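Written out below as structure tokens is the structure these notes cover.
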Amino acid sequence: MPKVVVVYLSTSGNTKAMADAIVEGAISRNVDAISMNFHEAKIEDLKSADAIAVGSSTFHYKILPPMEKFIESLSKLNAKDKVGAAFGSYGWSGEAPGLIAEKMRAIGMKVIDPVLRVQYAPAEKDLEECKRLGKDLANKLKKA
Ligand SMILES: Cc1cc2nc3c(=O)[nH]c(=O)nc-3n(C[C@H](O)[C@H](O)[C@H](O)COP(=O)(O)O)c2cc1C
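For the sequence shown, position 18 (counting from the first letter as 1) is numbered 17 according to numbering that gives the first Met the number 0, and the numbering increases by one without interruption.
Printed below as a string of structure tokens:
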């Protein structure tokens, strides 16, 4: 079964709620999907993933450095064979998802365009969009 791994950095749960909805959407399309905090993400989980979605909220117009390092570490995998997606909650400028997508593309991943951004806590309609992204990822894997 194709596998989607969703990795997030979330300080107050907003981006985590998006991650969980992405997983829900993917599972509804019959692929294996799991979300995890980036601190807990193990290389084995990522190696076996066909798609990796990375989410982070925006801090001081950027991604926090530990998350930046995590994304760069994806280059150790055969990242070229994997589908990517970037997402995140933000307050007013929301640079993080775009920066994540840029880094993923730099290591050769095929990243779904556009990135998914939600201002502060996701509302029901935002969670529906997150589920949609999970479904899109699953559908891409089935076609591949
Ligand atoms: C110290 C601090 C700095 C922030 N800087 C930005 C910023 O530069 N741009 C932005 O859009 N949001 C900024 N935010 C807002 C967060 O991105 C926003 O609250 C987000 O919903 C947090 O999501 P999370 O719970 O997933 O971490 C900042 C928040 C804090 C606490």
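Glycine residues also receive a C-beta, built at the ideal position from the N, C-alpha and C atoms.
Note that the structure is predicted; figures quoted are calculated from it, not measured.
Cβ-based neighbour list, residue i, same chain, cut-off 8 Å, excluding 5 preceding and 5 following
i, result
"Leu126", "Ala16, Met17 and Ala20"
Inter-residue spacing [alpha-carbon to alpha-carbon] between residue i and residue j
i, j, result
"Lys147", "Asp49", "For the chain, the structure presents residues 0 to 143; residue 147 sits outside this window and is missing."
"Asn13", "Asn138", "25 Å"
"Lys124", "Gly24", "13 Å"
"Ala52", "Lys75", "16 Å"
"Pro65", "Met0", "31 Å"
Chain-order list of residues whose beta-carbon lies under 6 Å from that of residue i (same chain, five-residue window excluded)
i, result
"Lys109", "Val82"
"Arg28", "Lys134 and Ala137"
"Lys102", "Ile70"
"Tyr60", "Ser92 and Glu94"
"Pro96", "Ala85, Phe86, Gly87, Val114 and Arg116"
Close beta carbons around residue i, own chain, < 7 Å, minus the five adjacent residues each side
i, result
"Glu128", "Leu115"
"Ile62", "Ser55, Ala95, Leu98 and Ile99"
"Ser9", "Lys15 and Ser56"
Across the region 87 to 94 and the region 69 to 78, are there enough close Cβ pairs to call them in contact, namely three or more that are closer than 8 Å? Put simply, the region 87 to 94 does not touch the region 69 to 78. Fewer than three CB pairs are less than 8 Å apart.
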